[in-house]
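Colleague: First, the structure itself, so that you have it in front of you.
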Amino acid sequence: WFFGPALFSRLTALSGGECVVRLPSGSVQTVPVSFCYERTILSLATHPELFYTTLLALDGPTLGDWHARPRLMRGHDVSGHVFLLTMSLLFLADMLQPSLRLSAEMRPRAHNWAMLGTATLMWIWVVSILTTSVFFHTPFEKLTGYLLGLAGFLLTQLRYFRDTSTGAETARTHED
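The sequence shown maps to residues -17 to -1, 1 to 159 in mature numbering (1 follows the signal peptide of the UniProt record, and there is no 0).
So, in structure tokens, the structure goes:
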């Protein structure tokens, strides 16, 4: 990617994460973190210096074909799922807010259907967050994902990013 490894991958490595590769025996071997950042596929043929002593003891017919992609283990893995879903839910809720101020009679039928579709999507995302909360990540990883999502949304609420014009002013500008 243009700016290097993903921010969450860097955070995992900085918080004590190790770049490891699973060997054919099932054990794991630590490798330099740059291989995780670059998502390099490792094998005995491409990187013999990494596996020479480890894989000599694992002689077998498929050893020449063995290859693996290293992964980051341990460290603090911010829940990107909670981060993105929290920020997305808040963005959509913010977009729905002006529509909810209008009475149902003032909204066209298509607008009501669009609001219903948006609310349905938001409900699906809430269920996704609940599923993530039950089955994945530690409580602290979920909390940091939530806080980063909230911070990302609040950043967009700064005066610099807000449209201060009213709908009437915008409509008048387009008529001229």
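Ideal Cβ placement from N, Cα and C applies to all residues, glycine included.
In this text the structure is predicted, and so the values were computed from the model without any measurement.
Within the same chain, show all residues whose beta-carbon is closer than 6 Å to that of residue -3, passing over the 5 residues directly before and after it, in chain order.
Modeller: To locate residue -3, count along the sequence shown from 1; it is residue 15. So the qualifying residues of the chain are 58 and 59.
Colleague: Please state whether the Cβ-Cβ distance between residue 53 and residue 18 is less than 9 Å.
Modeller: Position 70 of the sequence shown, counted from the start, is the residue given in the question as residue 53. Position 35 of the sequence shown, counted from the start, is the residue given in the question as residue 18. Yes.
Colleague: Can you find the residues in the same chain that come closer than 8 Å, C-beta to C-beta, to residue 115, ignoring five residues on each side of it along the sequence?
Modeller: Counted from its first residue, the sequence shown places residue 115 at position 132. Excluding sequence neighbours, residue 115 sits near 62, 64, 65, 68 and 125.
Colleague: By the DSSP assignment, the beta strand (DSSP E) with residue 55 in it spans what residues?
Modeller: The residue given as residue 55 occupies position 72 in the sequence shown. Counting along the chain, the beta strand (DSSP E) containing residue 55 begins and ends at 54 to 56.
Colleague: Tell me the rounded alpha-carbon separation between residue 4 and residue 55.
Modeller: For this step, residue 4 is matched to residue 21 along the sequence shown. For this step, residue 55 is matched to residue 72 along the sequence shown. Straight-line Cα distance between these residues: approximately 9 Å.
Colleague: So, for residue -1: in the same chain, excluding its five sequence neighbours on each side, which residues have a beta-carbon less than 6 Å away from its beta-carbon?
Modeller: Looking up residue -1 in the sequence shown gives position 17. Excluding positions up to five away in sequence, the list reads 55, 57 and 58.
Colleague: Straight-line CA distance for residue 98 to residue 117?
Modeller: To locate residue 98, count along the sequence shown from 1; it is residue 115. To locate residue 117, count along the sequence shown from 1; it is residue 134. Their Cα atoms are separated by approximately 29 Å.
Colleague: Would residue 163 be called buried (16 or more neighbouring beta carbons within 10 Å of its own) or exposed?
Modeller: The structure shown does not extend to residue 163, since the chain is modelled only from -17 through 159, so no value can be given for it.
Colleague: Could you give the distance in angstroms between the alpha-carbon of residue 129 and the alpha-carbon of residue 48?
Modeller: The residue labelled residue 129 in the question sits at position 146 within the sequence shown. The residue labelled residue 48 in the question sits at position 65 within the sequence shown. The alpha-carbon atoms of residue 129 and residue 48 are separated by roughly 42 Å.
Colleague: Check this for me: beta carbons of residue 135 and residue 70, under 9 Å apart or not?
Modeller: Numbered from its first residue, the sequence shown carries residue 135 at position 152. Numbered from its first residue, the sequence shown carries residue 70 at position 87. Closer than 9 Å, so yes.
Colleague: Would you grab the beta carbon distance between residue 95 and residue 102 for me? Rounded to a whole angstrom, and I think it's under 8 Å.
Modeller: Residue 95 sits at position 112 when you count from the first residue of the sequence shown. Residue 102 sits at position 119 when you count from the first residue of the sequence shown. Not confirmed; about 10 Å, so no contact.
Colleague: Can you tell me the Cα-Cα spacing of residue 83 and residue 76, whole angstroms?
Modeller: Along the sequence shown, one-based indexing puts residue 83 at 100. Along the sequence shown, one-based indexing puts residue 76 at 93. Their backbone Cα atoms lie some 10 Å apart in a straight line.
Colleague: Measuring alpha carbon to alpha carbon, tell me which of 31, 74 and 8 ends up nearest residue 132.
Modeller: Your numbering for residue 132 matches position 149 in the sequence shown. Nearest C-alpha to residue 132: 74.
Colleague: Specify, as a first and last residue, the run of the beta strand (DSSP E) that residue 5 falls within.
Modeller: By one-based count along the sequence shown, residue 5 stands at place 22. Looking at the DSSP string, the run of the beta strand (DSSP E) that includes residue 5 is 1 to 5.
Colleague: Rounding to the nearest angstrom, what Cα-Cα distance links residue 106 and residue 10 in this structure?
Modeller: As a working mapping, residue 106 is identified with position 123 in the sequence shown. As a working mapping, residue 10 is identified with position 27 in the sequence shown. Computed Cα separation, rounded: 41 Å.
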